[in-house]
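A.B. asks: Before I ask anything, here is the structure I am working with.
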Amino acid sequence: MACYYFSPCSFSVQIMLLLAMLSSIPLSCATPFIILHGLGMQCNDEASTFYQTSLSMLAGIKGPCVEIGGGAYDSWSIPIEQQVETVCAKIRGMPELQQGYNLVGLSQGNIIGRGVIELCDNVPQVKNFISVGGPNAGVASVPACSNEAWCDGVGSVSGMGVYSDYVQAHLAPSGYTKLPN
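Quick look at the structure:
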């Protein structure tokens, strides 16, 4: 059986890695955490719910998934900078995070998490940043997706020039695409 990125098989491996990382963090009391979902995901999908439930159980404290926009489509269509600003505003409004929190980024959620750490003003400090399967060094092409019609549309838009103003404003992965010369 092959292990795909968000298959149940890879979830087990990823949870074991997260457990190993979390067990190395000294905790005198539970530190709240948030989860930032990935590209084409939303907080109520299987992968995000799995991480939220598992980590809440292991940490002994509920950790919310912070929704970016109105669902999976918005993770594709809202520019990265705007997604970061949205998350920053939501974090400012979460009193339970005011003493600091751990941030878990899934896939594109890593890019958003990095933006929170580097760009957000007047937000509580991130104590630990855990990156799960993120494109932290960028990507050389727009990531593949599972909906053929949607992928064709994404391919058409990115074909206009990934660095064009239009594509940068309408296709989130263009914000971390690095085309080789």
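Positions -30 to -1, 1 to 151 (mature numbering (1 follows the signal peptide of the UniProt record, and there is no 0)) are the ones given, in order, by the sequence shown. Idealized CB from N, CA, C, for every residue including glycine.
1. Can you list the alpha helix (DSSP H) stretches of 4 or more residues lying completely in the region 16 to 62, in chain order?
2. Out of V36, V(-18), I87 and F20, which has the shortest C-alpha to C-alpha gap to I4?
3. Since Q53 contacts A142 with CB under 8 Å, what's their CB separation in whole angstroms?
4. Rounding to the nearest angstrom, what Cα-Cα distance links T19 and Q(-17) in this structure?
5. G70: which of A59, T56, Q95 and L76 sits nearest, CA to CA?
6. What separation, rounded to the nearest whole angstrom, lies between the Cα atoms of I100 and S47?
7. Taking residue 199 as the reference, which of A29, K32 and R62 has the closest Cα?
8. Under 8 Å by Cβ, that's how I've got P2 and I31 pegged, so tell me the actual separation to the nearest angstrom.
9. Below 8 Å on the Cβ atoms is my guess for S45 versus L9; work out the distance and round it to an integer in Å.
10. Less than 9 Å between the beta carbons of I81 and I38, yes or no?
C.D. replies: Let me spell this out:
1. 16 to 29, 42 to 47 and 50 to 62
2. V36
3. Between Q53 and A142 a beta carbon distance of about 7 Å is seen, short of the 8 Å cut, so the two are scored as contacting.
4. 14 Å
5. Q95
6. 25 Å
7. Outside the displayed range of the chain (-30 to 151) lies residue 199, so it cannot be described from this structure.
8. Rounded to whole angstroms, the Cβ separation of P2 and I31 is 6 Å, and the two are in contact under 8 Å.
9. Indeed they touch by this definition, with Cβ atoms about 5 Å apart.
10. Result no, Cβ atoms of I81 and I38 do not sit closer than 9 Å.
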